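Asker:
There are 2 protein chains.
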Amino acid sequence: MVDKVIGIDIGGTNLRGALANKDGDILKRMKISSHADQGIEKLIDNLAGFIKDISEGENVRDIGLGIPGIIDSKNGIITQAPNILNVHDYPLRAALNKKLGSDIHLVIENDSNSAAVGEWWIGASKNVNSMIMITMGTGVGGGIVLDDKLWTGADGMAGEIGHMTIYPDGAKCNCGNYGCLESYASASAIRRMVREGLENKSLNTKLRESIRNAYLEDIPEIVMEAASEGDSFSLGIWQEVGKALGIAIASLVNLLNIEMVVIGGGVSNAWDLFIDATYEEAHRRAFRAPMKRAKIKKGLLGDDAGILGSAHLAFKSYSEKKS
Amino acid sequence: MVDKVIGIDIGGTNLRGALANKDGDILKRMKISSHADQGIEKLIDNLAGFIKDISEGENVRDIGLGIPGIIDSKNGIITQAPNILNVHDYPLRAALNKKLGSDIHLVIENDSNSAAVGEWWIGASKNVNSMIMITMGTGVGGGIVLDDKLWTGADGMAGEIGHMTIYPDGAKCNCGNYGCLESYASASAIRRMVREGLENKSLNTKLRESIRNAYLEDIPEIVMEAASEGDSFSLGIWQEVGKALGIAIASLVNLLNIEMVVIGGGVSNAWDLFIDATYEEAHRRAFRAPMKRAKIKKGLLGDDAGILGSAHLAFKSYSEKKS
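Chains as they are written, first to last, in the numbering used here: chain P, 1 to 323; chain W, 1001 to 1323.
Below, the structure written as structure tokens:
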């Protein structure tokens, strides 16, 4: 009987991981640089060392890993993970088993799927059978839990909520399509809107100066602060974000009649600035009854959603092995 | 062991039903007027008589019924069916059991969901584990089969593919929302486009005359014939239909990574006139890998999809009773 597992979130910058028990308590947590930019070999070395460090003094054999990318979960393969690595069809599970031993059991999943599982397991959607998680970060990720099971699709690629078309003739998305949710409700979407604002001079002097002196990654937070202080351009951006999210949620609710929509990720920290627009837009568009059913909630687990979701998948996979 | 069941499709105009075996062979089929416009009491009388007629000489106790509306399947209740009946929360199963006896086992489902089950069971999606059916009729209905099970949602309301928002500022839909798939890819959408064409005089004389002398319900077929003869206005309508469908399919594919999308319903008879636009739009927008996986196919069962799907649900429900 397994009583502890490790959940790991693999990011472009950091590896974050934790030792967790069956109740989802985090017994130990660690973080190191991933050095993913130095290539997959280096990342594997780091991961193997990281797993050894977390499991030190414990007898842990079940490990869940969340990665931003398209993952073939069944075979433990990274199909593609363009935001952190230049690999195609890389056999992550096999590579790690070679380093760690074949008795270590590894479950690999897309990081947004893991986050959905985390919030469903012990977060905002505890006691809910069907939910959708929307993760607003650099991009927009998603995960779908139906009938208490993660729906990953025919090839493990389901849940790309960020790439539902919201505005068919809208802004170009990183994926090549036009008007995806991601191109209106992510950190990179906010940066685009700010850039357009700079071009057509719709920013006031103060905001323009803050933006010009800022790192690219800090722009969403600057727009958040400016909006909180009443800056109308910034408030407009959050209206736009909220509206796009509401359009997507209305379609999801009509389509899947889920019990809950959970919104997480760094950009969701601006909750109070966009959620009214989201709520209004979603209720205006969706059927009354399923929309009434689908509570829209903020994620409860923050950055731990992915780690805990991966831990749960490791537990779950253990019980599947057994049977 | 049950070897025969009855599947029935309840429409505003007709009741259509069949006696079917476990292989989906139709052993007997019947059709009568539903007289739904004379109220629910009359419809129940007709249904009870219809069921007795089909089951004459057979020992059939398991019956599946498909109805256009929002159905609470678990409790056998018609939540709403505005297109055929003015009822709210009507206990259809209880009413029929009162007429037919409590030993008759009735399974009630939304008609588009039934059609999806039919195509998945023995139609275009035979041997496929996950599929979406889009039914293009007066409106646009849908059904979602995931992991070999109909996904009906928390309240049996899932699958409203026709009410995904495609163009947020688009044409007003019958549901009150703007720019739903239904307002671009249904018979009523085609009638709207023709009406707009008449208003801004973009129809040539021949087509205008045919339209003016036609019954409202025949308009989609007239536009189909005109397009087949090369009329540019009519071809444009089918382009519009195909494009809207392609946008919806791209979002569905990115979201659910299903193996197949099946398109049925009367309007889909114009297949050759819209499918290229659908295919092009869907492939342009969706991720390459899941789009490659998701075959887009025409329904194989035509009007029988719903009847056979209802029959399958009756068989399935029988085996659930047993266990």
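Each residue gets a CB set at the ideal place from its N, CA and C atoms; glycine is no exception. From a predicted model like this one, the values you see are computed outputs, not experimental measurements.
Output, in sequence order along the chain, the residues in the stretch 133-163 of chain P whose CB is closer than 9 Å to any CB in chain W.
Answerer: Listed by position, the residues of the stretch 133-163 of chain P near chain W (Cβ gap below 9 Å) are Gly142, Ile144, Leu146, Asp147, Lys149, Trp151, Thr152, Gly153, Ala154, Asp155, Gly156, Met157, Ala158, Gly159, Glu160, Ile161, Gly162, His163.
Asker: What number of angstroms, rounded off, separates the C-alpha of lysine 42 of chain P from the C-alpha of isoleucine 10 of chain P?
Answerer: Distance between the alpha carbons of lysine 42 of chain P and isoleucine 10 of chain P: 13 Å.
Asker: Return the residues of the stretch 1259-1289 of chain W that lie within a Cβ-Cβ distance of less than 8 Å from chain P, sorted by chain order.
Answerer: Answer set for the stretch 1259-1289 of chain W: Glu1259, Arg1284, Arg1285, Ala1286, Phe1287, Ala1289.
Asker: Quick one: residues in its chain with C-beta nearer than 6 Å to the C-beta of lysine 99 of chain P, no 5 flanking neighbours on either side, listed in chain order?
Answerer: Excluding positions up to five away in sequence, the list reads Ala48.
Asker: I want to verify the contact list: residues of chain P whose CB lies under 8 Å from the CB of leucine 1256 of chain W, in sequence order.
Answerer: Residues of chain P passing the Cβ test: Ile144, Trp151, Gly153, Ala158.
Asker: Across which residues does DSSP place glycine 156 of chain P in a beta bridge pair?
Answerer: DSSP, once it has assigned bridges, lists no residue as partnering glycine 156 of chain P.
Asker: Taking the alpha-carbon of serine 130 of chain P as reference, which of P:Asn83, P:Thr165, P:Gly12, P:Val253 has the nearest alpha-carbon?
Answerer: For the residues P:Asn83, P:Thr165, P:Gly12, P:Val253, the minimum Cα distance to serine 130 of chain P belongs to P:Val253.
Asker: Is the beta carbon of methionine 1193 of chain W closer than 9 Å to that of leucine 255 of chain P?
Answerer: No. Outside cutoff.
Asker: Please confirm if the stretch 1114-1125 of chain W is in contact with the stretch 1238-1254 of chain W, defined as three or more CB-CB distances below 8 Å between the two stretches.
Answerer: No, the stretch 1114-1125 of chain W does not touch the stretch 1238-1254 of chain W.
Asker: Applying a beta-carbon distance threshold of less than 7 Å, which residues of chain P neighbour isoleucine 1247 of chain W?
Answerer: The contacting residues are Thr165, Pro168.
Asker: Could you give the distance in angstroms between the alpha-carbon of arginine 293 of chain P and the alpha-carbon of threonine 278 of chain P?
Answerer: Whole-angstrom Cα-Cα distance: 16 Å.
Asker: Where does serine 102 of chain P land, buried or exposed, given buried means 16+ other C-beta within 10 angstroms?
Answerer: When all chains shown are included, serine 102 of chain P counts as exposed.
Asker: Alanine 1250 of chain W CB to nearest chain P CB: under 9 Å?
Answerer: Yes, alanine 1250 of chain W counts as interfacial toward chain P.
Asker: Name the chain W residues that come within less than 8 Å of serine 395 of chain P, Cβ to Cβ?
Answerer: The structure shown does not extend to residue 395 of chain P, since chain P spans only 1 to 323, so no value can be given for it.
Asker: Do leucine 1235 of chain W and leucine 1203 of chain W have their CB atoms nearer than 9 Å?
Answerer: Taking 9 Å as the Cβ cut-off, leucine 1235 of chain W and leucine 1203 of chain W do not qualify as a contacting pair.
Asker: What are the start and end residues of the alpha helix (DSSP H) that includes asparagine 1110 of chain W?
Answerer: Taken as a continuous stretch (DSSP letters only), asparagine 1110 of chain W belongs to no alpha helix (DSSP H), being part of the beta strand (DSSP E) at 1105-1110.
Asker: If you follow the alpha helix (DSSP H) that aspartate 1272 of chain W is in, where does it begin and where does it stop?
Answerer: Start and end: 1271-1285.
Asker: Could you name each continuous alpha helix (DSSP H) segment of 4 residues or more that falls completely within the stretch 1031-1103 of chain W, going from the start of the chain to the end?
Answerer: Whole alpha helix (DSSP H) segments, 4+ residues: 1040-1055, 1092-1100.
Asker: Among all the DSSP beta bridges, which residues are the ones paired with lysine 149 of chain P?
Answerer: DSSP lists P:Leu146 as partners of lysine 149 of chain P.
Asker: With a threshold of 9 Å between beta carbons, is tyrosine 90 of chain P in contact with chain W?
Answerer: Not one chain W Cβ lies under 9 Å of tyrosine 90 of chain P.
Asker: Anything in chain W within Cβ reach of asparagine 346 of chain P, meaning under 7 Å, just list it in chain order.
Answerer: Residue 346 of chain P falls outside the range modelled here, since chain P spans only 1 to 323, and no answer is possible.
Asker: By Cβ distance below 7 Å, which residues in the same chain neighbour tryptophan 238 of chain P in space, the five residues on each side in sequence not counted?
Answerer: Only Ala227, Ala270, Leu273, Phe274 meet the Cβ criterion.
Asker: Could you check whether the Cβ of threonine 79 of chain P sits closer than 9 Å to any Cβ belonging to chain W?
Answerer: Yes, threonine 79 of chain P lies at the interface with chain W (some Cβ there is under 9 Å from its Cβ).
Asker: Between lysine 1206 of chain W and glycine 1242 of chain W, what straight-line distance do the alpha-carbon atoms span, to the nearest angstrom?
Answerer: Rounded to the nearest angstrom, the two C-alpha atoms are 24 Å apart.
Asker: Within a Cβ cutoff of 7 Å, which residues of the same chain sit near glutamate 280 of chain P, ignoring the five residues on either side of it in sequence?
Answerer: Answer for glutamate 280 of chain P: Gly246, listed in chain order.
Asker: Taking only runs of the beta strand (DSSP E) that begin and end inside the stretch 173-199 of chain P, which ones reach a length of at least 3 residues, in chain order?
Answerer: Runs of the beta strand (DSSP E) inside the stretch 173-199 of chain P: none found.
Asker: So, helix, strand or coil for asparagine 1257 of chain W, using DSSP?
Answerer: DSSP places asparagine 1257 of chain W in coil when its eight states are reduced to three.
Asker: Does the beta-carbon of aspartate 304 of chain P have 16 or more other beta-carbons within 10 angstroms, so that it is buried, or is it exposed?
Answerer: Under this definition aspartate 304 of chain P is a buried residue.
Asker: Return the residues of the stretch 194-211 of chain P that lie within a Cβ-Cβ distance of less than 8 Å from chain W, sorted by chain order.
Answerer: Here the close residues number zero.
Asker: Can you check DSSP and say which residues form a bridge with leucine 1019 of chain W?
Answerer: Beta-bridge pairing links leucine 1019 of chain W to W:Ile1006, W:Lys1028.
Asker: With a CB to CB cut of under 7 Å and the five nearest residues on each side skipped, what residues in its chain are close to tyrosine 1090 of chain W?
Answerer: So the qualifying residues of the chain are Ile1040, Ile1077, Ile1078.
Asker: Counting pairs of beta carbons, one from the stretch 1027-1041 of chain W and one from the stretch 298-312 of chain P, are three or more of them closer than 8 Å?
Answerer: No, the stretch 1027-1041 of chain W is not in contact with the stretch 298-312 of chain P.
Asker: From this set, W:Cys1180, W:Ile1211, W:Met1136, W:Trp1120, which residue's C-alpha is nearest glutamate 1259 of chain W's C-alpha?
Answerer: Here the closest residue by C-alpha is W:Trp1120.
Asker: With serine 55 of chain P and isoleucine 6 of chain P assumed to form a contact (beta carbons below 8 Å), what rounded beta-carbon distance in angstroms separates them?
Answerer: At roughly 6 Å, the Cβ-Cβ gap stays under 8 Å, so serine 55 of chain P and isoleucine 6 of chain P are in contact.
Asker: Tell me where the alpha helix (DSSP H) around methionine 1001 of chain W begins and ends.
Answerer: Premise fails: methionine 1001 of chain W is in no alpha helix (DSSP H) and is neither H nor E.
Asker: Would you call the CB atoms of alanine 1185 of chain W and alanine 1248 of chain W closer than 9 Å?
Answerer: In this structure, alanine 1248 of chain W lies closer than 9 Å to alanine 1185 of chain W by Cβ.
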